[in-house]
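S.K.: Can you keep this structure in mind? I'll have questions shortly.
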Amino acid sequence: MPNMVRISISLESELADELDRLVTRADYENRSEYLRDLIRGQLVEEEWTHGREVLGTITLVYDHHQSGLGDKLTALQHDHHASVLAGTHVHLDHHLCAEMIMMRGKPEVLRTLADGIRKLKGVLHAALSVSSTGKGLRK
Ligand code: NI
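Adding 7 to a residue's 1-based position in the sequence shown gives its number in our numbering.
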């Protein structure tokens, strides 16, 4: 087990009740586990704000009948090949496809790729989810 320290915090009783409600709602074992993940979430946000190397995933839904869209999606990913790790394609129905593109790189590059994909005609939705390489989260 890593070095553990015990800290105590002071909260207004209403806020403490809210904390317990959140812990229960998310089905955490205890407050400590919940607060650890809350802190890690803030650290990830900081990594994205400060331009460190991060992990991100674009989930997009698009109409594959849209003329030229497949080529444009491929070209955009080639333009950012150093940041694109992997992709998965799913055929949702006769018209629609979904893809997940996993990336590792500078936040601004990942955002640029997500914005470029979102703007393409025929792309119905493109969401960028932010994560971390984990390097800054271990300690
Ligand atoms: Ni498809």
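Every residue gets a Cβ at the ideal spot worked out from N, C-alpha and C, and that includes glycine.
Here the structure is a predicted model, which means the values were calculated and not measured.
HIS88: beta carbon under 8 angstroms from a heavy atom of ligand 1?
M.R.: Taking the sequence shown and counting its residues from 1, one reaches residue 88 at position 81. HIS88: no, Cβ never under 8 angstroms from ligand 1.
S.K.: For the putative contact between GLY58 and LEU135, defined by C-beta atoms under 8 angstroms, what is the C-beta separation to the nearest angstrom?
M.R.: Counting from 1 along the sequence shown, the entry for residue 58 is found at position 51. Counting from 1 along the sequence shown, the entry for residue 135 is found at position 128. The pair is not a contact, with the Cβ atoms about 15 angstroms apart (cut-off 8 angstroms).
S.K.: From which residue to which residue does the alpha helix (DSSP H) around GLY48 run?
M.R.: On the sequence shown, residue 48 is found 41 positions in, with the first residue counted as 1. That run of the alpha helix (DSSP H) goes 38-56.
S.K.: Using 10 angstroms around the beta-carbon of ILE14, count the other beta-carbons present and answer buried if the total reaches 16, otherwise exposed.
M.R.: Looking up residue 14 in the sequence shown gives position 7. Counting Cβ neighbours within 10 Å, ILE14 comes out exposed, since fewer than 16 surround it.
S.K.: Figure out for me which residue from ARG47, TYR35, ALA133 and HIS102 has the closest Cα to the Cα of GLY143.
M.R.: Translated into positions along the sequence shown, residue 143 becomes position 136. With distances taken between Cα atoms, GLY143 lies closest to ARG47.
S.K.: Would you call the region 28-46 and the region 63-74 touching, i.e. three or more CB-CB distances under 8 angstroms?
M.R.: Output reads no: the region 63-74 does not touch the region 28-46.
S.K.: Can you look up THR140 in the DSSP assignment and give me helix, strand or coil?
M.R.: The count along the sequence shown starts at 1 and reaches residue 140 at position 133. In the structure shown, THR140 sits in coil (DSSP, three-state: anything other than H, G, I, E or B).
S.K.: Would you say LEU76 and LEU127 are within 9 angstroms of each other, going by their C-beta atoms?
M.R.: Here residue 76 is taken as the residue at index 69 of the sequence shown, counted from 1. Here residue 127 is taken as the residue at index 120 of the sequence shown, counted from 1. Taking 9 angstroms as the Cβ cut-off, LEU76 and LEU127 qualify as a contacting pair.
S.K.: Please work out which residues of its chain come closer than 7 angstroms, Cβ to Cβ, to LYS113, disregarding the five sequence neighbours upstream and downstream, and give them in chain order.
M.R.: The sequence position of residue 113 within the sequence shown is 106, counting from 1. So the list reads GLY58 and GLU60, once near-sequence residues are dropped.
S.K.: Rounded to the nearest angstrom, how far is the Cβ of ALA105 from that of VAL97, given a contact under 8 angstroms?
M.R.: Taking the first residue of the sequence shown as position 1, residue 105 is located at position 98. Taking the first residue of the sequence shown as position 1, residue 97 is located at position 90. At roughly 5 angstroms, the Cβ-Cβ gap stays under 8 angstroms, so ALA105 and VAL97 are in contact.
S.K.: Give the straight-line distance between the Cα atoms of ASP100 and VAL12, rounded to the nearest whole angstrom.
M.R.: Counted from its first residue, the sequence shown places residue 100 at position 93. Counted from its first residue, the sequence shown places residue 12 at position 5. Taking the straight line from one Cα to the other gives about 52 angstroms.
S.K.: In the DSSP assignment, the alpha helix (DSSP H) including GLU106 goes from what residue to what residue?
M.R.: Mapped onto the sequence shown, residue 106 falls at position 99. Per DSSP, GLU106 belongs to no alpha helix (DSSP H); it is in the beta strand (DSSP E), 103-112.
S.K.: Taking 9 angstroms as the threshold (C-beta atoms), are THR140 and ARG111 in contact?
M.R.: Within the sequence shown, numbered from 1, the residue matching residue 111 stands at position 104. Within the sequence shown, numbered from 1, the residue matching residue 140 stands at position 133. Contact: yes.
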